[in-house]
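In this note's numbering, the protein residues as written are 100 to 317.
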């Protein structure tokens, strides 16, 4: 049984009386430990597919099966738990909260899911060490470089020990050195059994992934 199955997924949007098809009958499977690159031209539906997998955007038709459960048959409360416990999201922009320190930003998803402050802080310290930023733990986002901000964002995505990481252009705003640092963190997670799906336009990142799925614009 696959960790994730995307079955005949289609997505269209209503555009002033007409329908814009973005994804049509798309299929793929993913396993624990997979490192998957999603590439293709702008408008091919890559980010939309990540949102569908992450429980953020319901497909027009088709099924998203996670651990043998169709997530879009869940109640909204169950879907919220699915997102919070099983998915880690990384975006092109870090979306760190300006009024909280680096370590507090990592702790927040755990606190939302009722992890004790003590346990959340312990886990956050482990994660911030894993991205080599322990000495910056009490700094605010504005005091961090772009590469440091993104590494904290990756650590935050790992806070609830997700089974899948969905990374949408995670290195899009970074230079080569910082891009490689973020890629190394994601590769390490895949080696630890996490399924990592990366939307990217970076050919090097795509070649470093175990699987490479090319999406075409309709």
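Idealized CB from N, CA, C, for every residue including glycine.
Euclidean distance between Cα positions of residue 240 and residue 278: Within the chain shown, numbered from 1, the residue matching residue 240 stands at position 141. Within the chain shown, numbered from 1, the residue matching residue 278 stands at position 179. Looking at the two C-alpha atoms, the distance is approximately 18 Å.
Whole angstroms are fine: how far does the CA of residue 124 sit from the CA of residue 314? Within the chain shown, the letter at position 215 stands for residue 314. Within the chain shown, the letter at position 25 stands for residue 124. Distance between residue 314 and residue 124, taken at the CA atoms: about 12 Å.
contact_flag[the stretch 197-205, the stretch 219-234] where n(CB pairs < 8 Å) is 3 or more: yes
From this set, 230, 193, 104, 242, which residue's C-alpha is nearest residue 280's C-alpha? Working through the chain shown from its first residue, we reach residue 280 at position 181. Closest option to residue 280, Cα to Cα, is 230.
Contact check, residue 188 vs residue 265 under 8 Å by CB: the rounded distance? In the chain shown, residue 188 corresponds to position 89, counting from 1. In the chain shown, residue 265 corresponds to position 166, counting from 1. That pair is a contact at about 5 Å.
Would you list, in sequence order, the uninterrupted beta strand (DSSP E) runs of no fewer than 3 residues that lie entirely inside the stretch 117-191? 117-129, 134-138, 160-165, 186-189
Per-residue DSSP class, three states only, for residue 244: By one-based count along the chain shown, residue 244 stands at place 145. In the structure shown, residue 244 sits in coil (DSSP, three-state: anything other than H, G, I, E or B).
Contiguous alpha helix (DSSP H) assignments of at least 4 residues, all confined to the stretch 243-293: 245-256, 275-290
Per the DSSP calculation, residue 311 is bridged to which residue(s)? Looking up residue 311 in the chain shown gives position 212. Answer is 136.
Counterpart residues of residue 113 in DSSP-defined beta bridges: Counted from its first residue, the chain shown places residue 113 at position 14. Partner(s): 118.
Going by beta carbon distance, what residues of the same chain come within less than 7 Å of residue 195, once the five residues before and after it are set aside? Along the chain shown, one-based indexing puts residue 195 at 96. Excluding positions up to five away in sequence, the list reads 204, 240, 248, 251, 252.
Residue from 109, 116, 103, 149 with nearest C-alpha to residue 129: To locate residue 129, count along the chain shown from 1; it is residue 30. The shortest C-alpha separation from residue 129 is found at 103.
Please report the straight-line C-alpha distance between residue 269 and residue 262, rounded to a whole angstrom. On the chain shown, position 170 is the one that residue 269 refers to. On the chain shown, position 163 is the one that residue 262 refers to. Approximately 18 Å between the Cα atoms of the pair.
Is the distance from the Cβ of residue 184 to the Cβ of residue 212 below 9 Å? Locating residue 184 in the chain shown gives position 85, counting from the first residue. Locating residue 212 in the chain shown gives position 113, counting from the first residue. Yes. Within cutoff.
From the DSSP output, read off the bridge partner residues of residue 105. On the chain shown, position 6 is the one that residue 105 refers to. DSSP, once it has assigned bridges, lists 127, 163 as partnering residue 105.
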